[in-house]
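Undergrad: Numbering (the numbering used here), first residue to last: 2 to 319.
No residue lacks a Cβ here, since even glycine has one placed at the ideal position from N, Cα and C.
Note that the structure is predicted; figures quoted are calculated from it, not measured.
Take this structure, written in structure tokens, and hold onto it; I'll ask about it next.
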């Protein structure tokens, strides 16, 4: 994934929180609401209107950029709705005292947290601090100091977003490019499935929009997500290091490194369900519901194996 300095898309700023993704709310309530913070169904801002067609932009804004006060409101709303999956991987935060959690909440002006345990108050407060800092840092206003202990987390997130920010351009150029690649992979691998998608007017693969935007985070567990991302990052590091196809063949004896491994994995995920899609689904909405119901049902190792097979066969043809 290339870095992108374009204008950010007005999606939920809680895209930051990759460790909290499994919402208690049903995806069927609104499949278009996307957040990596774990909450998909936050009340949308009045300035956004949900389009009736899934193929159209997810949100339309009356302004080209959000004012900071609006971002603050959205960030704080999503932060207190984040799930508890992170606790398994950060016991020191889970054991925080209520006094320290309340101090942290006060420092960022967090409200409406009375129903939360101290660990969740502390987590939400740190998340607010990090995301508000990023909302100011990017694109052009400058750096806003976060809590000192979260400096490292902030800069790690900045580095992550250098790779992912093209997913949030207002013009959706980055997203559309990636969806086109997924479509091309499916077309070359399985013409029968592709023709069925054409018949449903779904060959543009907008039903995997969420997978592209949040890098499979909603469909995979935290451990699986880390696995997939680290393999992706290893490929990207190999490319930066100038490791070519012949060198890579000696190392892995399989697929050469690619910047688009995520897209091959997404295509593999769709291809694994080809029979179901062809025989049972007669609309893109049905395929969308299938994709949104994959959470917890994917084998990340099989996914990577299938993705690498696709890379071997098609990386020089896409």
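Output needed for residue 278: all residues of its chain with C-beta closer than 7 angstroms, excluding positions within five of it in sequence on either side, in chain order.
TA: Along the chain shown, read from residue 1 onward, the residue named residue 278 stands at position 277. Cβ within range, chain order: 194, 197, 288.
Undergrad: Helix or strand or just coil, what does DSSP make of residue 170?
TA: As a first step, residue 170 is located in the chain shown; it is residue number 169 there, counting from the start. Reduced to three states, the DSSP call for residue 170 is strand.
Undergrad: If you check the beta carbons only, do residue 114 and residue 81 fall under 8 angstroms apart?
TA: In the chain shown, counting from the first residue as 1, residue 114 sits at position 113. In the chain shown, counting from the first residue as 1, residue 81 sits at position 80. Yes, they are a contact pair.
Undergrad: Determine the extent of the alpha helix (DSSP H) in which residue 113 is found, giving its start and end residues.
TA: Start at 1 with the first residue of the chain shown, and residue 113 comes out as number 112. Where residue 113 is concerned, there is no enclosing alpha helix (DSSP H), given that its DSSP letter is neither H nor E.
Undergrad: Inspect the beta-carbon positions of residue 259 and residue 316 and report whether they are closer than 8 angstroms.
TA: As a first step, residue 259 must be located in the chain shown, where it is residue number 258. As a first step, residue 316 must be located in the chain shown, where it is residue number 315. Against a cut-off of 8 angstroms, the Cβ pair of residue 316 and residue 259 comes out as a contact.
Undergrad: Among the candidates 129, 301, 131, whose CA atom is the shortest distance from the CA of residue 232?
TA: Residue mapping note: residue 232 aligns to position 231 of the chain shown, counting from 1. The option with the nearest alpha carbon to residue 232 is 301.
Undergrad: Just tell me which of 179, 203, 282 has its CA closest to the CA of residue 262.
TA: Sequence index remark: in the chain shown, residue 262 carries index 261 (1-based). The option with the nearest alpha carbon to residue 262 is 179.
Undergrad: Span of the alpha helix (DSSP H) holding residue 124?
TA: Locating residue 124 in the chain shown gives position 123, counting from the first residue. Run containing residue 124: 119-138, per the alpha helix (DSSP H) assignment.
Undergrad: Below 8 angstroms on the Cβ atoms is my guess for residue 304 versus residue 266; work out the distance and round it to an integer in Å.
TA: Position 303 of the chain shown, counted from the first residue, corresponds to residue 304. Position 265 of the chain shown, counted from the first residue, corresponds to residue 266. Confirmed, Cβ separation roughly 5 angstroms.
Undergrad: Near residue 281, what residues of its chain come up, given a Cβ to Cβ distance below 8 angstroms and the 5 sequence neighbours on each side ignored?
TA: The count along the chain shown starts at 1 and reaches residue 281 at position 280. The answer, listed in chain order, is 287.
Undergrad: Indicate the three-state DSSP secondary structure (helix, strand or coil) for residue 184 in the structure shown.
TA: Locating residue 184 in the chain shown gives position 183, counting from the first residue. In the three-state reduction of the DSSP assignment, residue 184 falls in the helix class.
Undergrad: In whole angstroms, what separates the C-alpha of residue 290 from that of residue 99?
TA: Against the chain shown, residue 290 aligns to sequence position 289. Against the chain shown, residue 99 aligns to sequence position 98. When rounded, the distance between both Cα atoms is 40 angstroms.
Undergrad: Would you decide whether residue 313 is buried or exposed? Buried here means 16 or more other CB atoms lie within 10 Å of its CB.
TA: Numbered from its first residue, the chain shown carries residue 313 at position 312. Exposed, because fewer than 16 other Cβ atoms sit within 10 Å of the Cβ of residue 313.
Undergrad: At what residues does the alpha helix (DSSP H) containing residue 281 begin and finish?
TA: Within the chain shown, the letter at position 280 stands for residue 281. Segment 275-281, the alpha helix (DSSP H) holding residue 281.
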